[in-house]
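In my numbering, the protein residues as written are 837 to 1045.
Input: a single structure, listed below in structure tokens.
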Amino acid sequence: HPDSGRALRPWELALLLGLCAAMLWGAWSMQRQDALAQKMIRLHVIANSDSDADQALKLEVRDKVLDFTTTVLQRSADMEDAQVRLRKELTRIETIAQREIAAQGYDYPVTAQLASAEFPLKEYDGFSLPAGEYMALRLVIGEGAGQNWWCVVYPPLCTAAATDMPETAIRAGLSGDDVSLITEEDAGYVLKFRSLELWEQLRQWLGKK
């Protein structure tokens, strides 16, 4: 081909270098997110519907389950131990949720399971978590057609006071860099997570091909 030996134009070289940098950053970020996800168990509560009553019920069930799981996991040695403890208590968790549903005057069924699930970027009080696949304690109330409630059951970041969050996270196995990444200490963390969300969507799309 006549152009096969020509040198790249400056703009072509800049575009190529930019693409390579973006791919390297994306690969590094995905590894960082995956490493972070390996240290956490999310809580995912799905309401029966989006009615005000069902959404309020979801929060009542959440509170009861959080109280119980916080007690169960407070002595967990690490992420693996936390999973073992939760799996042993899934039936009990369902019972606690079912009792609260009945106490509120409803007869919806409820299921609890521990499984991997995809989560979007989520901002909480004092920290944020990037989109990606996390192990999750998943509670489905009734039809499970309502809005979700997400948080972190291990480490118990959503029940810890904002000032105690870094210590709680580190005690459960997160590193100082992990804590800096998910809090405002890492400048531009939300922008980084937004970019990472796009990479996660691309990874999912490629996985379906």
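All C-beta atoms, glycine included, are put in the ideal place defined by N, C-alpha and C.
Values in this document were obtained by computation on a predicted structure and should not be read as measured data.
First through last residue of the alpha helix (DSSP H) which encompasses M971:
No alpha helix (DSSP H) contains M971, which is instead part of the beta strand (DSSP E) from G968 to I977.
Spatial neighbours of G978 within its chain, please: CB distance less than 6 angstroms, with the 5 preceding and 5 following residues excluded, ordered by chain position.
These residues qualify, in order along the chain: N884 and Y944.
Pick out whichever of I877, A889 and G980 has its Cα sitting closest to the Cα of C987.
It is I877 whose Cα lies nearest to the Cα of C987.
Give me the Cα-Cα distance between A933 and Q869, rounded to the nearest whole angstrom.
About 31 angstroms.
Unbroken beta strand (DSSP E) runs of length 3 or more, entirely within the region 870–925: which are they?
Positions of the beta strand (DSSP E) runs, each at least 3 residues long and wholly inside the region 870–925, are given as 877–882 in order along the chain.
Which residue wins for smallest C-alpha separation from H880, given the options M915, Y990 and D888?
Nearest Cα to H880 within the set M915, Y990 and D888: Y990.
Please work out which residues of its chain come closer than 7 angstroms, Cβ to Cβ, to M1001, disregarding the five sequence neighbours upstream and downstream, and give them in chain order.
Cβ within range, chain order: G962, F963 and L993.
Quick one: residues in its chain with C-beta nearer than 6 angstroms to the C-beta of I1006, no 5 flanking neighbours on either side, listed in chain order?
Nothing meets the Cβ criterion.
Fully enclosed by the region 995–1019, which alpha helix (DSSP H) runs are 4 residues long or longer?
Assignment of alpha helix (DSSP H) within the region 995–1019, counting only whole runs of 4 or more residues, yields 1001–1007 and 1012–1018 in chain order.
Exposed or buried, what is P966 when buried is set at 16 or more other beta-carbons lying within 10 Å of its beta-carbon?
It counts as buried.
Per DSSP, which one or two residues make a beta bridge with T947?
Its beta-bridge partners are V976.
Distance, E1003 Cα to T1019 Cα
Looking at the two C-alpha atoms, the distance is approximately 13 angstroms.
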